[in-house]
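Down below is the structure, laid out as structure tokens.
Number of protein chains: 2
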Amino acid sequence: MSTANAAKVVGELPAGLRERKKVKTRDALSRAALDLFRSRGYEATTVDDIAASIDVSKRTFFRYFDGKEDVLLRFQREVADLLLEELRGRPEREEPLVALRRAGARAIEQVAAQLPLYRGKPMYLAVISLIESTPALVAAHLRIMLDRKDAIAGILAEREGVDPALDPRPRLLVSVYGSAVVVANRAWHEAGAAGTQALLDCLDRHLDGLGSAISGRWSA
Amino acid sequence: MSTANAAKVVGELPAGLRERKKVKTRDALSRAALDLFRSRGYEATTVDDIAASIDVSKRTFFRYFDGKEDVLLRFQREVADLLLEELRGRPEREEPLVALRRAGARAIEQVAAQLPLYRGKPMYLAVISLIESTPALVAAHLRIMLDRKDAIAGILAEREGVDPALDPRPRLLVSVYGSAVVVANRAWHEAGAAGTQALLDCLDRHLDGLGSAISGRWSA
DNA sequence: GACGCTTGTGTCATTGGATGACAAGTTGCG
DNA sequence: CGCAACTTGTCATCCAATGACACAAGCGTC
């Protein structure tokens with residue numbers, strides 16, 4: 039139940055032949071899309087191109103993914119869903135931002151580790167890089183986080199015993215956390231897009247900087 | 039020079055007949071779009087509908103606006119641009135977040151005051167409400183802010199004498215500020231979408247809550 | 001006021017994303 | 001094997017967006 043949606047993870051045993059085929063097709067589509075996006079660019083690649091490159095019809099592509107964006111964003115969705123799950127399991131003693139940070143870090147670790155590799159590195163990292171170099175995808179990423187924010191804010195509100203409809207802090211915190219994630223992703227990408235640990239470190243640095251960023255003046 | 043892009047403002051004297059016609063058409067399109075979006079919903083309204091309702095061709099619509107979203111988002115763009123302008127004029131003594139807040143508040147005030155009215159209230163407010171009730175538009179709004187964030191962060195970095203490429207704080211602050219704006223917009227919308235002052239107050243309340251949201255535990 | 005020049009508009013065609021309908025092919029299973 | 005359930009491809013359609021081109025309307029000039 040805790041891994042309900044994790045059928046896409048590597049070490050799964052996919053029941054019958056039918057299921058195995060589907061997993062294979064989805065994976066092939068993901069890779070083909072990633073390849074094409076990276077070489078030609080996201081906008082310059084049509085869904086037809088992707089489908090044709092693995093010899094399926096465009097219609098089939100849309101049966102596996104909700105849209106062109108979804109090929110990449112489904113990983114981000116996965117992270118967001120995992121974060122939600124992890125957050126529910128955080129000990130009550132942790133203060134809100136700490137619980138969020140831990141849950142987020144664990145979610146990223148899991149996705150990076152469980153998802154298939156792409157050229158030796160976790161596919162998840164390649165996806166982030168691609169997203170960060172495509173404005174339309176950054177926006178779509180924001181949208182995904184937006185969709186999850188209410189749920190996350192709800193959990194935080196419950197943990198702290200406040201009413202999310204009256205107290206702005208739950209939503210604010212979630213939103214601010216999301217901001218830090220986005221800025222950190224970008225910094226990581228611009229700094230060369232190293233490994234998973236570099237990404238997590240970068241995120242930590244940014245989250246540490248939050249307090250200092252919003253208060254007082256900055257020293258040069 | 040400071041009001042270079044403000045041709046859309048009310049009290050302008052539009053040179054010749056040609057210009058006056060254009061302003062009229064653009065305004066008619068905006069209103070028609072707003073009407074249709076509000077009654078049928080954003081997705082359910084086609085660009086053809088909008089154009090047909092004021093008897094112009096779809097092609098003409100796309101000559102006035104970059105796309106369907108742009109009819110509404112151009113107001114948000116205006117706010118973002120004004121904020122940028124205001125920020126450049128803030129006194130150096132103000133600390134970063136304070137300068138941002140003042141610049142943002144002034145930008146909103148100006149847009150709300152200068153833009154045409156829609157059913158008695160500033161059109162800007164109607165647009166926010168519509169955006170807030172349409173997920174796709176919220177995402178697009180985020181994208182607009184995203185496009186401006188680097189410029190804003192650059193100004194803040196310069197004011198404070200830090201290097202925006204090394205210090206994460208400029209980008210962080212801008213991003214966090216943007217988060218607060220979005221959360222505040224939504225809260226304002228859900229609270230009944232009162233007037234401009236209510237929006238500004240709501241924004242202030244959210245910005246005041248930032249520090250408390252990210253640190254420590256919350257009291258019930 | 002007639003002449004061009006510039007600019008805005010409509011029509012037409014096209015591309016690409018996304019979805020519904022239906023027929024044909026596969027897989028799963030008794 | 002043979003039927004039921006499911007997957008896929010083809011076809012048609014809708015809509016956003018853009019380029020090409022012809023036509024009309026504003027604008028300045030003589």
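Residue numbers (the working numbering), protein chains in the order written: chain S, 39 to 258; chain G, 39 to 258.
All C-beta atoms in this analysis are idealised placements derived from N, C-alpha and C, irrespective of residue type, glycine included.
As the structure is a prediction and not an experimental result, all values here were calculated from the model.
Q: Would you give the residue range spanned by the alpha helix (DSSP H) that Glu196 of chain S belongs to?
A: Unbroken alpha helix (DSSP H) run through Glu196 of chain S: Pro173 to Glu198.
Q: Check Pro160 of chain G in the structure and name its three-state DSSP category.
A: Correct three-state label for Pro160 of chain G: strand.
Q: Evaluate the contact criterion for the stretch 242-256 of chain G versus the stretch 178-187 of chain G: three or more CB pairs, one atom per stretch, below 8 Å.
A: No, they do not touch.
Q: Select from S:Ala191, S:Ala218 and S:Val220 the residue whose C-alpha is nearest the C-alpha of Arg207 of chain S.
A: Residue S:Ala191 is the option with its Cα nearest to Arg207 of chain S.
Q: Would you check whether the ligand SAH has a heavy atom nearer than 7 Å to the C-beta of Phe113 of chain S?
A: Because no ligand of any kind appears in the structure shown, any question about the ligand SAH cannot be addressed here.
Q. Comparing the C-beta of Ala42 of chain S with each C-beta of chain G, is any distance below 8 Å?
A. Unreliable placement is indicated for Ala42 of chain S, whose pLDDT of 27 sits below 50; no coordinate value is reported for it.
Q.
Can you tell me whether Leu153 of chain G is helix, strand or coil according to DSSP?
A. The answer is coil: DSSP assigns Leu153 of chain G none of H, G, I, E or B.
Q. Would Lys59 of chain G be called buried (16 or more neighbouring beta carbons within 10 Å of its own) or exposed?
A. Burial check for Lys59 of chain G: the Cβ neighbour count within 10 Å stays below 16, so the residue is exposed.
Q. Cβ of Ala225 of chain S less than 8 Å from any chain G Cβ?
A. Among the residues facing chain G, Ala225 of chain S is included, as its CB has a counterpart in that chain under 8 Å away.
Q: On a CA-only basis, which of S:Pro129, S:Gln114 and S:Ala82 is nearest Val149 of chain S? Give me that one, please.
A: Taking the Cα of Val149 of chain S as reference, the smallest distance to any Cα among S:Pro129, S:Gln114 and S:Ala82 is reached at S:Gln114.
Q. Expressed to the nearest angstrom, what Euclidean distance is found between the alpha-carbon atoms of Thr234 of chain G and Glu228 of chain S?
A. Rounded to whole angstroms, Thr234 of chain G and Glu228 of chain S show a C-alpha spacing of 39 Å.
**Q.** Under the three-state DSSP convention, the category Glu133 of chain G falls into
**A.** For Glu133 of chain G, the three-state secondary structure derived from DSSP is coil.
(Q) DSSP three-state label for Glu228 of chain S, please. (A) Here Glu228 of chain S sits in helix by DSSP.
Q | Residues near Leu194 of chain G in its chain [Cβ-Cβ closer than 6 Å; skip 5 each side] | A | Excluding sequence neighbours, Leu194 of chain G sits near Pro134 and Pro208.
**Q.** Within chain G, partners of Val221 of chain S - CB distance below 8 Å
**A.** Those are Pro206, Arg209, Leu210 and Ser213, listed as they occur along chain G.
Q. Along chain S, in chain order, which residues have C-beta atoms closer than 7 Å to that of Ala71 of chain G?
A. Neighbours of Ala71 of chain G on chain S: none; closest Cβ ~21 Å, over 7 Å.
Q. Quick one, which residues of the stretch 176-193 of chain G are near chain S if we go by CB-CB under 8 Å, in chain order?
A. Correct list: Val176, Ala177, Ala178, Leu180, Arg181, Leu184 and Asp185.
Q. With His244 of chain S and Ala218 of chain S assumed to form a contact (beta carbons below 8 Å), what rounded beta-carbon distance in angstroms separates them?
A. Contact between His244 of chain S and Ala218 of chain S holds: CB atoms are separated by about 5 Å, below the 8 Å threshold.
Q. Hey, would you say Leu120 of chain G sits closer than 8 Å to His179 of chain G, going by beta carbons?
A. Taking a C-beta distance under 8 Å as the contact criterion, Leu120 of chain G and His179 of chain G do not qualify as a contact pair.
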